[in-house]
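One structure is given here, and the rest of the page talks about it.
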Amino acid sequence: MNWPQALGQGEWVSRRDLQTTRGTFAGLINMPNDASLPRGSVLLVPGFTGSKEDFSLLLPLLAQAGWAAAAYDQRGQYETTAQPRDDFSLSGLAADAAAVSEAAFGTAERVHLVGHSFGGLVAATAAIEHRDTWASLTLMCSGPGAFQLEDKRRDLLWAADMVGSHGMEALYSANRERDRRAGVQPDPPDVEEFRHTRMSAHSPEALAAMARLLVDTPELTESLAALEIPVSVLRGENDDAWPHDVQEDLAKALGTRTVVIPGAAHSPAREQPEETRDALARIWLA
């Protein structure tokens with residue numbers, strides 16, 4: 143796994159604090175390396191326990207293809223701070239996304255919006271509630287609403303309770319022990335160090351709120367189908383979050399088909415970044 147080795151951002155990607163009307167958000171920004179071929183702008187929203195670094199392999203590839211793109215830490219994730227009483231509702235996080243888009247790209251042109259996993263629920267809400275901001279919406283390894291599988295719901299509520307009573311370090315240690323007992327292959331040391339650092343920096347209030355949103359968010363399919371922008375569904379071949387049939391049903395309701403990235407699971411932007419770049423470009427240029 144070479145993911146953390148790419149966290150040094152790459153030739154065209156820069157680390158930037160984005161000053162918005164809703165506070166300061168930590169971001170990674172790339173600009174096209176060939177200014178004569180601008181394609182457009184893209185905002186990438188990370189998922190539950192994720193961060194902007196989940197897109198660090200994808201961002202330089204987007205630059206090579208002529209796209210300006212930004213990924214950011216959501217409120218309370220990794221390098222974006224949060225206060226315990228901040229607005230962690232889906233509407234609040236969606237308003238954050240719109241504000242980050244404006245800070246990164248301005249408002250002269252609409253921006254392509256991509257949400258990964260839980261970030262897909264945020265991106266979907268942003269597309270519904272801030273319609274004039276976006277050129278398209280892509281739901282990456284995401285779904286139409288909350289998880290319905292009881293084991294996933296139970297794990298999420300357990301995580302919310304754990305951080306509420308014992309903090310982020312306790313959740314990290316508990317997850318490592320559970321993986322060990324399940325026989326999960328340990329990550330390389332550099333990967334594990336980054337995961338630990340990121341988890342430790344995450345706001346417990348933010349993580350608990352996001353976990354509960356993954357349990358409580360209502361079905362958004364009807365509202366998404368009513369949007370006037372293209373809405374696409376993309377997943378890894380072996381994605382294990384929302385069931386594949388749920389994603390297929392969502393795509394069908396949206397009048398499209400699910401785009402499947404071969405050889406990827408729940409994080410195609412890391413696992414198959416070139417194929418993900420190509421799939422996204424085809425969506426945006428269609």
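Residue numbering for the sequence shown follows this note's numbering, starting at 143 and increasing by one per position. Using N, Cα and C, we set each Cβ at its ideal position, and we do this for glycine too. Since we're looking at a predicted model, the values are computed, not measured.
Classification of residue i by the beta-carbon crowding that lies within 10 angstroms, buried from 16 upward
i       : result
Gly-309 : exposed
Ser-307 : exposed
Lys-194 : buried
Asp-274 : exposed
Val-373 : buried
Gly-150 : Bear in mind that a pLDDT of 44 at Gly-150, under 50, signals an unreliable position, so the number given afterwards is only what the model happens to contain. Looking at its Cβ environment, which holds fewer than 16 other Cβ atoms inside 10 Å, Gly-150 is exposed.
Asp-387 : exposed
Arg-377 : buried
Gln-327 : exposed
Assigned secondary structure, residue i (DSSP; H/G/I helix, E/B strand, else coil)
i       : result
His-386 : helix
Asn-317 : helix
Phe-167 : strand
Thr-339 : helix
Arg-296 : helix
Leu-291 : coil
His-272 : coil
Ala-368 : coil
Gly-285 : coil
His-308 : helix
Ala-239 : helix
Met-352 : helix
Gly-192 : coil
Beta carbon of residue i nearer than 9 angstroms to that of residue j
i       : j       : result
Gly-405 : Glu-379 : yes
Ala-211 : Val-184 : yes
Leu-255 : Ala-239 : yes
Gly-257 : Leu-281 : yes
Gly-189 : Phe-289 : no
Ala-302 : Ser-284 : no
Beta bridge counterpart(s) of residue i as assigned by DSSP
i       : result
Arg-377 : Val-402
Asp-159 : Ala-168
Leu-200 : Answer by DSSP bridge pairing: none, since Leu-200 is not bridged.
Thr-280 : Val-256 and Ser-374
Limits of the unbroken beta strand (DSSP E) element including residue i
i       : result
Gly-182 : 182-187
Ala-210 : 209-214
Residue interval of the alpha helix (DSSP H) (run including residue i)
i       : result
Leu-427 : 415-427
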